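Student: I'd like to ask some things about the structure below.
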Amino acid sequence: MTPEDLVVTRRGVRFWRQFFPISIGRGGLSDNKREGDGATPRGIHRIVGLLYRPDRLAKPVNWAVPIRPCDLWSDDPADDNYNLMVRAPHRFSHERLRRADPLYDLVLITDWNWPQAVKGKGSAIFLHQWRRPGYPTEGCVAFRRDHLQWIAQRITYQTRLIVK
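With our numbering as the guide, the letters of the sequence shown map in order to residues 33 to 196.
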């Protein structure tokens, strides 16, 4: 582990020698992640992308990709594009990335079950803004908005999310 790693601990996430409170999945931590179980998967995950809402935030880093109105994330194991970003209209089950609430104003994408997804192994494991402290996610790791922005500006290609 290095200071560039986001390490999930009982106190929160350690990153650059600082601790940030987080929320994890309602299903706790899991060694056997399944679609819909609400668990945050244990393991070492790379950060493979950063999405942001350009109508709500300035571009956080030069490699960030804007979330467009038709952007979705497939969460349907029957879909050939399972656990990938897709565009509306999309006939399979999916999650809207451009939400009315601020949860996905800034999204760090992990490589959990990506890019060659195993059907049913879980999708859309993101780092995003929390609803409120302690409110569980559907499997993601969620942060206070200003903490997430601070972290996003310091992510490098070497940064990993380590969930023990």
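All residues carry an ideal CB built from backbone N, CA and C; glycine is no exception. Bear in mind that the values here come from a model prediction, so they are computed numbers and not experimental data.
Going by DSSP, which residues form a beta bridge with M117?
Tutor: Bridge partners of M117: W105.
Student: Within the same chain, show all residues whose beta-carbon is closer than 8 Å to that of M82, passing over the 5 residues directly before and after it, in chain order.
Tutor: Residue identity check: residue 82 is Leu in the sequence provided, not Met. Excluding residues within five positions, the ones whose Cβ falls inside 8 Å are P92, V93, W95, A96, V97, L138, V139, L140, I141, A184 and I187.
Student: Please confirm if L140 has its CB atom under 8 Å from at least one CB of chain C.
Tutor: No chain C is part of this structure, which consists of one protein chain only.
Student: To the nearest angstrom, how far is it from the Cα of R43 to the Cα of W146?
Tutor: Looking at the two C-alpha atoms, the distance is approximately 28 Å.
Student: Pick from D63, W182, P53 and S155: whose alpha carbon is nearest that of E170?
Tutor: Per the Cα distances, S155.
Student: Given N115, which residues of its chain have a CB within under 6 Å of its CB, disregarding the five upstream and five downstream residues?
Tutor: These residues qualify, in order along the chain: N145, W146, A149 and S155.
Student: Whole angstroms is fine: what's the gap from R123's alpha carbon to I54's?
Tutor: Roughly 33 Å separates the two Cα atoms.
Student: If you measure between the beta carbons of L104 and R74, is that distance less than 8 Å?
Tutor: No, these two residues do not count as a Cβ contact at 8 Å.
Student: Does the distance from the C-beta atom of I76 to that of R192 stay below 8 Å?
Tutor: Result yes, Cβ atoms of I76 and R192 sit closer than 8 Å.
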